[in-house]
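A.B. asks:
2 protein chains.
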Amino acid sequence: MKKLSNKVGICRLQLLLLVLCLPLMSIGQEVGSMERLVSPEIADDNTVTFRIKAPKAEKVVLSGNWMPSVPIEGGMGMTRQTVELTKDENGVWSITVGPLEPELYGYTFVVDDVNTLDTANLMVARDGTFRTENVLYIPGAASELYWAKTGPKGTVHKIWYESPTLELTRRMFVYTPPGYEDSNENYPVLYLLHGGGGDEEAWSTLGVANHILDNLINSGKAEPMIVVMTNGNPTQAAAITVSPKIKPSDQPAGGMANMLFEKSLVNDVIPYVESHFQVKANKENRALTGLSMGGLQTLNTSFENPELFDYIGVMSMGFADLSRFGIEVDHSKRGKQIDALKAADPELYWIACGTDDFLYQSVVDMRNELDKHDFEYTYRESTGGHTWSNWRIYLSEFAPMLFK
Amino acid sequence: MKKLSNKVGICRLQLLLLVLCLPLMSIGQEVGSMERLVSPEIADDNTVTFRIKAPKAEKVVLSGNWMPSVPIEGGMGMTRQTVELTKDENGVWSITVGPLEPELYGYTFVVDDVNTLDTANLMVARDGTFRTENVLYIPGAASELYWAKTGPKGTVHKIWYESPTLELTRRMFVYTPPGYEDSNENYPVLYLLHGGGGDEEAWSTLGVANHILDNLINSGKAEPMIVVMTNGNPTQAAAITVSPKIKPSDQPAGGMANMLFEKSLVNDVIPYVESHFQVKANKENRALTGLSMGGLQTLNTSFENPELFDYIGVMSMGFADLSRFGIEVDHSKRGKQIDALKAADPELYWIACGTDDFLYQSVVDMRNELDKHDFEYTYRESTGGHTWSNWRIYLSEFAPMLFK
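Respectively, the protein sequence lines represent chains A and B. Be aware that the first sequence starts at 4, since it is given in our numbering, and climbs by one per residue. Be aware that the second sequence starts at 4, since it is given in our numbering, and climbs by one per residue.
1) Can you tell me the Cα-Cα spacing of residue 63 (chain A) and residue 113 (chain B), whole angstroms?
2) According to DSSP, what are the bridge partners of residue 85 (chain A)?
3) Nearest-angstrom Cα distance between residue 350 (chain A) and residue 291 (chain A)?
4) Closer than 8 Å, CB to CB, is residue 170 (chain B) near chain A or not?
5) Do residue 223 (chain A) and residue 183 (chain A) have their beta-carbon atoms positioned less than 8 Å apart in this structure?
6) At the level of alpha carbons, what is the spacing between residue 180 (chain A) and residue 125 (chain A)?
7) Quick check on residue 28 (chain B): buried or exposed, where buried means 16 or more other Cβ atoms within 10 Å of its Cβ?
8) Of the residues that make up the stretch 60 to 74 of chain B, which ones have a beta carbon closer than 8 Å to any beta carbon in chain A?
9) Tell me, which residues are paired with residue 73 (chain B) by DSSP?
10) Could you tell me the alpha carbon to alpha carbon distance between residue 209 (chain A) and residue 134 (chain A), rounded to whole angstroms?
11) Along the chain, where does the alpha helix (DSSP H) that runs through residue 265 (chain A) open and close?
12) Is the CB-CB distance between residue 402 (chain A) and residue 245 (chain B) below 8 Å?
13) Does residue 161 (chain B) come within less than 8 Å of chain A when only Cβ atoms are used?
14) Tell me, please, whether the CB atom of residue 411 (chain B) is closer than 8 Å to any CB atom in chain A?
15) Taking 6 Å as the limit between beta carbons, can you name the residues of its chain near residue 48 (chain A), skipping five residues before and five after?
16) Can a CB atom of chain B be found closer than 8 Å to the CB of residue 184 (chain A)?
17) For residue 357 (chain A), I'd like the list of residues in its chain whose CB is within less than 8 Å of its CB, leaving aside the five on either flank, ordered along the chain.
18) When DSSP labels each residue in this structure, what does residue 30 (chain A) get in the three-state scheme?
19) Are the beta-carbon atoms belonging to residue 99 (chain B) and residue 51 (chain B) less than 8 Å from one another?
20) Inspect the beta-carbon positions of residue 148 (chain B) and residue 197 (chain B) and report whether they are closer than 8 Å.
21) Would you kindly work out how many angstroms separate the C-alpha atoms of residue 96 (chain B) and residue 381 (chain A), rounded to a whole number?
22) Of all the CB atoms in chain B, is at least one closer than 8 Å to the CB of residue 246 (chain A)?
23) Please confirm if residue 434 (chain B) has its CB atom under 8 Å from at least one CB of chain A.
24) If I measure Cβ to Cβ from residue 340 (chain A) and keep anything under 6 Å in the same chain, skipping five residues before and after, which residues do I get?
25) Take residue 227 (chain B) as the anchor and find which of B:54, B:160, B:195, B:407 has the nearest alpha-carbon.
26) Is there a Cβ from chain B that is less than 8 Å from the Cβ of residue 271 (chain A)?
27) Assuming contact is defined by CB atoms lying nearer than 8 Å, are residue 272 (chain A) and residue 311 (chain A) in contact in what I supplied?
28) Quick one: Cα of residue 116 (chain B) to Cα of residue 57 (chain A), how far?
29) Would you decide whether residue 60 (chain B) is buried or exposed? Buried here means 16 or more other CB atoms lie within 10 Å of its CB.
30) At a CB-CB cut-off below 7 Å, which residues of chain B make contact with residue 366 (chain A)?
31) Give the straight-line distance between the Cα atoms of residue 377 (chain A) and residue 371 (chain A), rounded to the nearest whole angstrom.
32) For the stretch 335 to 359 of chain B, which residues have a CB atom closer than 7 Å to at least one CB atom of chain A, in sequence order?
33) In three-state terms, what does DSSP make of residue 305 (chain B)?
34) For residue 142 (chain B), which residues from the same chain have a beta carbon less than 7 Å from its beta carbon, with the 5 sequence-adjacent residues on both sides left out?
35) What in chain B is Cβ-close to residue 279 (chain A), meaning under 7 Å?
36) Quick one, are the C-beta atoms of residue 169 (chain B) and residue 66 (chain B) less than 8 Å apart?
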């Protein structure tokens, strides 16, 4: 009997599926030998083994977002550390890493300097306009909110709505909580904004917002609520996945400067949601939060509309100087805006940032400015940086504080 | 000024996004030079240029599903032809192919025998348990139904429902047509089943069913209808994308034999849809179709429940001998089933198959058997084989015949 040294296997159904789909098979799949590598393989102790077949390669490395960042030569920024795989006699490269902490990770291989997905792992996520990566889920207490557990589930509605402000029919995702379909009750609403480079798909893919909300609601930690996930790029109708004509370069250079998204959120999105869903349409039952670019949009929207939201969360963004990108803040206006928002007395103003975040200083500056005005806020400082790992944690902590 | 020979470019917003996301950058991206390859690049004449940077590679080929299939050495099946790219002095490999016919294509690179996605192209689709590929959309008359055009759009609901039959909380996608949210009318329902290896995500990704329906309905070619896209693997709660614990090997060897999915469709799915959506709940307003394994499930369900559907479509499946996979058909029963379905007199029984489909003979056998019983059906024979290209065409032709 052949030794399955590379963790290969085939079951009867796979054989049938193979037969039903043979004409579709692409090159590179091992049809002849019926073998399929197992990668990644998570052991009971949370060590993880990665494998890729590349007989001709001279060097294969693994780039995972759990690895520390290191400066890039030339000073343009940071990149990830990598680890080298080793090759066996069949041309299969492998490495065992960890144990890894429970979390949702992204990784790719780099085969002779070419970024390469793990074809044995069908869990793939697009990180906005930046890249596509494989997804690795390590179960455990710290990540237990991040996947579809047993129990009631909410619905994610992929909706198109009219935006007169932007002169577009646009797409957004609306999460309704477990039981919504069978209820006559009205629900509060959280508006949840993504960051630069992202789109309306970000929070339900990398952000797993629907799983986080399902699990928080099912365990009684968060109130049942509707969550609205918009596309924050004002010239984009929808993510690139539905409109091949949407290229990254179609995103507006002034997308953050012109306040157009913020206007469409207030004038188009909120009225649509409040007229098409079972919604408690008042300040006490509206929350707004966003990360990075979405944090800036949260700041802008809540300063311009102090009476709209009782719960405001700013993630990984502060009073940053973005003037070199053409984004000017009217500082004479800001003091009055802070006072107006203070007068509106929101139930919660929450600020979250990681100590390694490159925007950390902008958050310090914002807090200093708010302090000058005796503006009340709650500050949550985490470890780590400008990462989805932090944004998932922030959502997991922010949602339970809402509508109580 | 530097000659942009490799079609690289960066705009101001991309620079800003880069700055906002630098800590996330992964290795392999050309942060230092701020360059991003353009690939694929579609010219006005529909020739397409593909590019990948792989300085150390000895051979790079392109594998696209528009290329003909060729037998694999050893006789185990077919694979695709490939074409070789050529390398320039910067290590960028490229090739221009076509012109290509308007269509939605899948492709990958193979770099020194390693399947590699085009990292410059963020449009990626998972083909069930088989692979992940890049998507290439060539616009034109033949593919005009396949993307989100201007105009009203339906909603795709990602729903979880209880399946007592399968003892699972399961996921399905339900498409509601443009205007549904603002209407008090009831709508007919099409139940749309995927093939072996697929799941509930197949018809709205590779099948672009929501775009096809939006465009057919907006142009008046199809009646407004609800479309229900289930997961046909009876031990799966949901696609692997939401449940990392779902592995391909968790699919049941007997999934097609045990009729469990068919029972859950009738006992769980249809009652859920008819009690939670604005539905015309009668035979005249129910349609069922599926491809390959879903075609078998369509045959089984309509034979077992002759009074349930007035519109039945069987795509790329016939009376196939699947006994070597443990799937036994009771032939003594079949004649009676055909007669019972004939007595129920469905409005449309539609059979579609490609001349190159490996199941073509099973469709010939089915038609012969139906003919023996003077059973009325419409037969649509296309060119091509067992492909999503054909299944998109079949849906585009089947939907306009329904509910009229």
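Beta carbons: idealized from backbone N, C-alpha and C, even for Gly. It should be emphasised that the depicted structure is a prediction, and the values quoted were computed from it without experimental measurement.
C.D. replies: Taking the geometry as given:
1) Here residue 63 (chain A) corresponds to residue number 60 of the first sequence, with the count starting at 1. Here residue 113 (chain B) corresponds to residue number 110 of the second sequence, with the count starting at 1. Rounded to the nearest angstrom, the two C-alpha atoms are 15 Å apart.
2) Residue 85 (chain A) sits at position 82 when you count from the first residue of the first sequence. In the DSSP assignment, residue 85 (chain A) is bridged to no other residue.
3) Counting from one through the first sequence, the residue named residue 350 (chain A) turns up at place 347. Counting from one through the first sequence, the residue named residue 291 (chain A) turns up at place 288. Going by C-alpha positions, residue 350 (chain A) is about 12 Å away from residue 291 (chain A).
4) Indexing the second sequence from 1 puts residue 170 (chain B) at position 167. With 8 Å as the cut-off, residue 170 (chain B) does not count as an interface residue toward chain A.
5) In the first sequence, residue 183 (chain A) corresponds to position 180, counting from 1. In the first sequence, residue 223 (chain A) corresponds to position 220, counting from 1. Their beta carbons are not under 8 Å apart, which means residue 183 (chain A) does not touch residue 223 (chain A) by this criterion.
6) To locate residue 180 (chain A), count along the first sequence from 1; it is residue 177. To locate residue 125 (chain A), count along the first sequence from 1; it is residue 122. If you draw a straight line from the Cα of residue 180 (chain A) to the Cα of residue 125 (chain A), it is about 28 Å long.
7) Walking along the second sequence from the start, residue 28 (chain B) turns up at place 25. Residue confidence for residue 28 (chain B) is low, a pLDDT of 38 falling below 50, so the modelled location carries little weight; the figure read from the coordinates is stated next. Buried, because 16 or more other Cβ atoms sit within 10 Å of the Cβ of residue 28 (chain B).
8) For the stretch 60 to 74 of chain B, which is checked against every Cβ of chain A, the residues closer than 8 Å are 60, 61, 64, 66, 68, 72.
9) What you label residue 73 (chain B) is simply residue 70 of the second sequence in a count that begins at 1. Residue 73 (chain B) is bridged to B:82.
10) The residue labelled residue 209 (chain A) in the question sits at position 206 within the first sequence. The residue labelled residue 134 (chain A) in the question sits at position 131 within the first sequence. Near 12 Å, if we compare the C-alpha coordinates of residue 134 (chain A) and residue 209 (chain A).
11) Within the first sequence, residue 265 (chain A) is the residue found at index 262, counting from 1. According to the DSSP assignment, residue 265 (chain A) belongs to the alpha helix (DSSP H) that extends over 263 to 267.
12) Counting from one through the first sequence, the residue named residue 402 (chain A) turns up at place 399. Counting from one through the second sequence, the residue named residue 245 (chain B) turns up at place 242. No. Outside cutoff.
13) Translated into the one-based positions of the second sequence, residue 161 (chain B) becomes position 158. Contacts with chain A at 8 Å (Cβ-Cβ) include residue 161 (chain B).
14) The first residue shown for chain B is 4 and the last is 407, placing residue 411 (chain B) beyond what the model contains.
15) Here residue 48 (chain A) refers to the residue found at position 45 of the first sequence. Hits under 6 Å: 102.
16) Here residue 184 (chain A) refers to the residue found at position 181 of the first sequence. Under the Cβ criterion of 8 Å, residue 184 (chain A) is counted among the residues facing chain B.
17) Along the first sequence, read from residue 1 onward, the residue named residue 357 (chain A) stands at position 354. 319, 363, 384, 385, 386, 387, 388, 389, 390, 393.
18) The residue given as residue 30 (chain A) occupies position 27 in the first sequence. With a pLDDT of 31 at residue 30 (chain A), under the threshold of 50, the predicted position of this residue should be treated as unreliable, though the coordinate-derived value follows. Residue 30 (chain A) falls in the coil class under three-state DSSP.
19) Mapped onto the second sequence, residue 99 (chain B) falls at position 96. Mapped onto the second sequence, residue 51 (chain B) falls at position 48. Taking 8 Å as the cut-off, the beta carbon of residue 99 (chain B) is found closer than this to the beta carbon of residue 51 (chain B).
20) Indexing the second sequence from 1 puts residue 148 (chain B) at position 145. Indexing the second sequence from 1 puts residue 197 (chain B) at position 194. The Cβ atoms of residue 148 (chain B) and residue 197 (chain B) lie no closer than 8 Å to each other.
21) As a first step, residue 96 (chain B) is located in the second sequence; it is residue number 93 there, counting from the start. As a first step, residue 381 (chain A) is located in the first sequence; it is residue number 378 there, counting from the start. Inter-residue distance for residue 96 (chain B) and residue 381 (chain A) is about 53 Å (C-alpha atoms, whole angstroms).
22) Residue 246 (chain A) sits at position 243 when you count from the first residue of the first sequence. Yes, residue 246 (chain A) counts as interfacial toward chain B.
23) Here chain B comprises residues numbered 4 to 407, so residue 434 (chain B) is not present and cannot be evaluated.
24) Here residue 340 (chain A) corresponds to residue number 337 of the first sequence, with the count starting at 1. Around residue 340 (chain A): 306.
25) What you label residue 227 (chain B) is simply residue 224 of the second sequence in a count that begins at 1. Taking residue 227 (chain B) as reference, the option from B:54, B:160, B:195, B:407 with the minimal CA-CA separation is B:407.
26) As a first step, residue 271 (chain A) is located in the first sequence; it is residue number 268 there, counting from the start. Not one chain B Cβ lies under 8 Å of residue 271 (chain A).
27) Locating residue 272 (chain A) in the first sequence gives position 269, where the first residue counts as 1. Locating residue 311 (chain A) in the first sequence gives position 308, where the first residue counts as 1. Not a contact, by the Cβ cut-off of 8 Å.
28) Here residue 116 (chain B) refers to the residue found at position 113 when the second sequence is read from its first residue. Here residue 57 (chain A) refers to the residue found at position 54 when the first sequence is read from its first residue. If I take the Cα positions, the gap works out to 7 Å.
29) In the second sequence, residue 60 (chain B) corresponds to position 57, counting from 1. Flag for residue 60 (chain B) reads buried.
30) Mapped onto the first sequence, residue 366 (chain A) falls at position 363. Residues of chain B whose Cβ lies closer than 7 Å to the Cβ of residue 366 (chain A) do not exist, since the nearest Cβ in that chain is about 14 Å away.
31) If you number the first sequence from 1, residue 377 (chain A) lands on position 374. If you number the first sequence from 1, residue 371 (chain A) lands on position 368. About 10 Å.
32) The residues in question: there are none.
33) Walking along the second sequence from the start, residue 305 (chain B) turns up at place 302. Of the three classes helix, strand and coil, the one that applies to residue 305 (chain B) here is helix, per DSSP.
34) Along the second sequence, one-based indexing puts residue 142 (chain B) at 139. Close CB contacts of residue 142 (chain B) within its chain, under the 7 Å cut and outside five residues either way in sequence, are with 105 (chain order).
35) Within the first sequence, numbered from 1, the residue matching residue 279 (chain A) stands at position 276. Those are 184, listed as they occur along chain B.
36) In the second sequence, counting from the first residue as 1, residue 169 (chain B) sits at position 166. In the second sequence, counting from the first residue as 1, residue 66 (chain B) sits at position 63. For the pair residue 169 (chain B) and residue 66 (chain B), the CB atoms are not nearer than the 8 Å cut-off.
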